[in-house]
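Protein sequences appear in the order of chains G and B.
The first sequence begins at 1 in this note's numbering and counts up by one.
The second sequence begins at 403 in this note's numbering and counts up by one.
Protein chains: 2
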Amino acid sequence: MRVEILCTGDEILSGKTVNTNYSHIARRLGEVGLDVAWGTTVGDDRASLLAAFRQAGDRADAVIVNGGLGPTVDDLSQEVAAEACGVTLVLSDYWLQRMTESYARRGRVMPANNRKQAMLPEGAEFIDNPIGTACGFAVTIGKARFLFTPGVPREMRRMLDEQVIPRLLKLGGIPGVTRLKRFHSFGIGESRADEMLAGIPGLAIDGEIKLGFQAHFPELETKLAARGATEAELAAKLAPIEAEVRRRLGNFVVAEDDATLERVVLETLKAGGHTLAVGETFTSGAIASRLAPLLGAEHVFRRGVISPEMTAEGAADRLRAESGTSHALAVRMQLDEGGDRPDFGATVTVQIADASGMVQRVARLVGGREWVRTGATELGLDCLRRHLSGLPVDERIDFERR
Amino acid sequence: MRVEILCTGDEILSGKTVNTNYSHIARRLGEVGLDVAWGTTVGDDRASLLAAFRQAGDRADAVIVNGGLGPTVDDLSQEVAAEACGVTLVLSDYWLQRMTESYARRGRVMPANNRKQAMLPEGAEFIDNPIGTACGFAVTIGKARFLFTPGVPREMRRMLDEQVIPRLLKLGGIPGVTRLKRFHSFGIGESRADEMLAGIPGLAIDGEIKLGFQAHFPELETKLAARGATEAELAAKLAPIEAEVRRRLGNFVVAEDDATLERVVLETLKAGGHTLAVGETFTSGAIASRLAPLLGAEHVFRRGVISPEMTAEGAADRLRAESGTSHALAVRMQLDEGGDRPDFGATVTVQIADASGMVQRVARLVGGREWVRTGATELGLDCLRRHLSGLPVDERIDFERR
Numbered sequence: 001m002r003v004e005i006l007c008t009g010d011e012i013l014s015g016k017t018v019n020t021n022y023s024h025i026a027r028r029l030g031e032v033g034l035d036v037a038w039g040t041t042v043g044d045d046r047a048s049l050l051a052a053f054r055q056a057g058d059r060a061d062a063v064i065v066n067g068g069l070g071p072t073v074d075d076l077s078q079e080v081a082a083e084a085c086g087v088t089l090v091l092s093d094y095w096l097q098r099m100t101e102s103y104a105r106r107g108r109v110m111p112a113n114n115r116k117q118a119m120l121p122e123g124a125e126f127i128d129n130p131i132g133t134a135c136g137f138a139v140t141i142g143k144a145r146f147l148f149t150p151g152v153p154r155e156m157r158r159m160l161d162e163q164v165i166p167r168l169l170k171l172g173g174i175p176g177v178t179r180l181k182r183f184h185s186f187g188i189g190e191s192r193a194d195e196m197l198a199g200i201p202g203l204a205i206d207g208e209i210k211l212g213f214q215a216h217f218p219e220l221e222t223k224l225a226a227r228g229a230t231e232a233e234l235a236a237k238l239a240p241i242e243a244e245v246r247r248r249l250g251n252f253v254v255a256e257d258d259a260t261l262e263r264v265v266l267e268t269l270k271a272g273g274h275t276l277a278v279g280e281t282f283t284s285g286a287i288a289s290r291l292a293p294l295l296g297a298e299h300v301f302r303r304g305v306i307s308p309e310m311t312a313e314g315a316a317d318r319l320r321a322e323s324g325t326s327h328a329l330a331v332r333m334q335l336d337e338g339g340d341r342p343d344f345g346a347t348v349t350v351q352i353a354d355a356s357g358m359v360q361r362v363a364r365l366v367g368g369r370e371w372v373r374t375g376a377t378e379l380g381l382d383c384l385r386r387h388l389s390g391l392p393v394d395e396r397i398d399f400e401r402r
Numbered sequence: 403m404r405v406e407i408l409c410t411g412d413e414i415l416s417g418k419t420v421n422t423n424y425s426h427i428a429r430r431l432g433e434v435g436l437d438v439a440w441g442t443t444v445g446d447d448r449a450s451l452l453a454a455f456r457q458a459g460d461r462a463d464a465v466i467v468n469g470g471l472g473p474t475v476d477d478l479s480q481e482v483a484a485e486a487c488g489v490t491l492v493l494s495d496y497w498l499q500r501m502t503e504s505y506a507r508r509g510r511v512m513p514a515n516n517r518k519q520a521m522l523p524e525g526a527e528f529i530d531n532p533i534g535t536a537c538g539f540a541v542t543i544g545k546a547r548f549l550f551t552p553g554v555p556r557e558m559r560r561m562l563d564e565q566v567i568p569r570l571l572k573l574g575g576i577p578g579v580t581r582l583k584r585f586h587s588f589g590i591g592e593s594r595a596d597e598m599l600a601g602i603p604g605l606a607i608d609g610e611i612k613l614g615f616q617a618h619f620p621e622l623e624t625k626l627a628a629r630g631a632t633e634a635e636l637a638a639k640l641a642p643i644e645a646e647v648r649r650r651l652g653n654f655v656v657a658e659d660d661a662t663l664e665r666v667v668l669e670t671l672k673a674g675g676h677t678l679a680v681g682e683t684f685t686s687g688a689i690a691s692r693l694a695p696l697l698g699a700e701h702v703f704r705r706g707v708i709s710p711e712m713t714a715e716g717a718a719d720r721l722r723a724e725s726g727t728s729h730a731l732a733v734r735m736q737l738d739e740g741g742d743r744p745d746f747g748a749t750v751t752v753q754i755a756d757a758s759g760m761v762q763r764v765a766r767l768v769g770g771r772e773w774v775r776t777g778a779t780e781l782g783l784d785c786l787r788r789h790l791s792g793l794p795v796d797e798r799i800d801f802e803r804r
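Written as structure tokens, this is what we have:
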């Protein structure tokens, strides 16, 4: 099945807004096995929209249109869709009532121009939007089924997962349900992770469960995109593979799904009834800045100190004693001389002190000032996670040089 | 003149990479008065590329193609361009030599597959790339001039400004030279800035000097895109308008062009021979994290303290005394109760202490946990900038509630 994405709107076309909706849609489709063949961007312009609809209708089997469903005059998607289909716009009493009720619940009267959002091409299939006033819809133009989605990212994302992808899978004769399992790791690059996961039956880039990676330094995201006839069948198929991936990536997994490394560290500290002080040099508050603002951190994170001149010897022990906390994390960086450059590096010393003493980890990172700063921030947090979980803090990572 | 952008590459098409090249190109073109009419994205696929070239060649006067100029087999731009033009690829001896020399200067031998990057469609116009191995080129397909640029962002950006835009302006019969002047401000929204700049002769969205805004909270970027027959004429025309914009935006301007608020603060501290300590609560090191890692900050930034329980009374004075610095900045936040929500707010207290005493600024910010944290970080830095420059620290900003 050939799928295209068509993004509309002057803000996107002019580059004022970076088109993250496009990348989100394309990635999610790829994760369920639907590869995007073509992307088009046009502005809020009747002639361009009509031409884009007709061209995509000639080429594709399915087209996801994003944007242009708002209440203002420059939102043209319904109108031009109707024109391309050769039908008129008709009022959806159902959606008008839903919008009116939604405003009423918040003690407000629906503005008159929102009525436009309930006008759909005659015969269009209604697509629900449980969290906004722009409903989606589907029509056929040329040989393609067009699915219209709102430009507001959170509304689009939910509609995509709950409404659009199931319809596309049905359209493509691809049965069943899908799920995306995600592992966040630190310390291994994409190629090493790929090696570590080689040979797991049923798991491959083109396997029954699709394996994918997304690197956003310093973390790597490993994704398992699974499909099954039913939820039960999917769960039964995914569970052993998920467990095997978790086992193989092992100590490098810092969090899963929507969790983050800092959240995992905070929850572990909370569960143990611990308190924390953090000392930093060149990371300059970047470690504190990931932990301290978290909801619930106020009882755990007691103190952060940033001092470019923090000495290495016993820093965490001293910090712990001064702060009166159960744990202290100190991350010191000795930077190379001179200005920024690709081979600019630093020697990072991570110390963790608790009631039982102090552990230390030294690593050399290279890759420019911001790169090593980001790497050291993650390394400090990850060493703390490992220490709290009884894992070795000195396991070699791919980013360090010897 | 109708201009289109055509982006190529599987990473972009699949959404794995967010297409920031597109938004950069479109924005830069808009700034010189060239509006983009259509955007196309295709993968590393011969048939799609050829179809996309032909369609754009039918519609447009000029097409900027981005990507596909690399040394590997999936980089197809030159090949498919030659096919679309009905010519063969010929070796550019000049570019082959330039590449060979560039490798030799770094003590390396050019890999054999880089030779592919010197193969251009017969009769193509060569476009220089002074910082990479992918040269650009231009050919005519259909009725449009196609300008091919590399996918590596820094190479594309430089080629766009130095080579592509001048060619497009010439092609469109738009004479002269262009310049972009940028002001970064904090505390005023786009609509207020627009009002403040109303009525400056020659400056408007569609004026001789194009006025544009780009909001990236907490800062607003105000851009003046100017064109002149010659550099001298341009400078003469821009200077008085630039001065007037600077005067009207006044105390809200935190930096200009490539400078940043934190760099301005650091340079002002350095120039005065000052040293600084920073105390934070919920900003959690975000202020320190913007100042301390800057090149040259090591002699100025002496100490940062993050303590969720920092008391308001005399915090900056105490911090200054304890740290032995000439200046201290303390930013305290009292957060609203409960979880995150759009109307979650905080009362921010900024204190600055120096030898002459202490100044204080209190503001209430609203907009969710991360939003108020970002706002308070900027407010703290901006109050320090203002204090160091003898400007009032208590000027009301658009983001605060009373």
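Every residue gets a Cβ at the ideal spot worked out from N, C-alpha and C, and that includes glycine.
Quick test of your reading: Arg303/G and Ala277/G, contact by CB under 8 Å. State the CB separation rounded to the nearest angstrom.
4 Å
Please identify, using Cβ separations under 8 Å, the residues of the segment 723 to 746 of chain B that lie next to chain G, in order along the chain.
Gly741 and Asp742
Are the beta-carbon atoms of Glu610/B and Gly604/B separated by less than 8 Å?
yes
Strictly by DSSP, which residues pair up with Glu802/B?
Leu767/B
Since Lys672/B meets chain G, which of its residues come closer than 8 Å, beta carbon to beta carbon?
Result: empty, since nearest Cβ-Cβ is about 15 Å, beyond 8 Å.
Mind listing the chain B neighbours of Ile306/G? Cutoff is C-beta to C-beta under 7 Å, in chain order.
Gly687, Ala690, Ala694, Arg705 and Gly706
Classify Asn515/B as buried or exposed, calling it buried when 16 or more other Cβ atoms lie within 10 Å of its own Cβ.
exposed
What is the DSSP secondary structure of Met521/B, reduced to helix, strand or coil?
strand
Counting only the same chain and skipping the five closest in sequence on each side, list residues whose C-beta sits under 8 Å from that of Glu413/B.
Thr419
Indicate whether at least one CB of chain G lies closer than 8 Å to the CB of Thr418/B.
A quick correction: the sequence has Lys, not Thr, at residue 418/B. Taking Cβ atoms only, chain G reaches closer than 8 Å to Lys418/B, which makes this a yes.
CA-to-CA distance, Arg404/B to Arg798/B, given in whole angstroms
44 Å
Enclosing beta strand (DSSP E) for Gln616/B [first to last residue]:
Ile611 to His618
So, does the CB of Thr542/B fall closer than 8 Å to a CB anywhere in chain G?
no
Backbone secondary structure at Asn531/B - three-state DSSP:
coil
Counting Cβ pairs closer than 8 Å, one from the segment 654 to 666 of chain B and one from the segment 737 to 747 of chain B, do we hit at least three?
no
Taking the continuous beta strand (DSSP E) assigned at Val541/B, which residues delimit it?
Gly538 to Ile543
Tell me whether the segment 381 to 397 of chain G and the segment 262 to 277 of chain G touch, counting them as touching only if at least three CB pairs, one residue from each stretch, are closer than 8 Å.
yes
Output yes or no for whether 8 Å exceeds the beta carbon distance between Ala118/G and Leu147/G.
no
Cβ pair Arg263/G, Phe183/G closer than 8 Å
no
Can you check whether the C-beta of Asn515/B is within less than 8 Å of a C-beta belonging to chain G?
no
Does the beta carbon of His274/G sit closer than 8 Å to a beta carbon anywhere in chain B?
no
According to DSSP, is Ala454/B part of a helix, a strand, or is it coil?
helix
Measure from the alpha carbon of Cys537/B to the alpha carbon of each residue in Arg461/B, Arg547/B, Gly509/B and Arg560/B, then state which is nearest.
Arg560/B
Which residues, taken in chain order from the segment 421 to 433 of chain B, show a beta carbon closer than 9 Å to some beta carbon of chain G?
Asn421, Thr422, Tyr424, Ser425, His426, Ile427, Ala428, Arg429, Arg430, Leu431 and Gly432
Assuming Glu280/G and Ile306/G form a contact by the criterion Cβ under 8 Å, report the distance between their Cβ atoms to the nearest whole angstrom.
5 Å
Can you check which of these residues, Gln55/G, Glu122/G and Leu13/G, is closest to Asp437/B by C-alpha distance?
Leu13/G
What does Glu700/B reach in chain D if we use C-beta pairs closer than 7 Å?
Of the protein chains in the structure, G and B, none is chain D.
Which residues mark the beginning and the end of the beta strand (DSSP E) in which Ser587/B is found?
Val579 to Phe588
When the Cα atoms are used, what is the spatial distance from Val429/G to Ala449/B?
The requested residue 429/G does not occur in the structure, where chain G is confined to residues 1 to 402.
Going by Cα to Cα distance, which pick from Ala546/B, Ile689/B and Asp563/B is closest to Gly574/B?
Ala546/B
Counted within 10 angstroms of its Cβ, other Cβ atoms place Arg153/G as buried (16 or more) or exposed
The sequence shown places Pro at residue 153/G, rather than the Arg named in the question. Pro153/G should be labelled exposed.
Return the bridge partner residues of Phe146/G from the DSSP annotation.
Val63/G and Val139/G
Chain-ordered residues of the segment 441 to 455 of chain B with a beta carbon less than 9 Å from chain G
Gly441, Thr442, Thr443, Val444, Gly445, Asp447, Ser450, Ala453 and Ala454
If Val73/G and Leu6/G are in contact, beta carbons under 8 Å, what's the gap, nearest whole angstrom?
The pair is not a contact, with the Cβ atoms about 20 Å apart (cut-off 8 Å).
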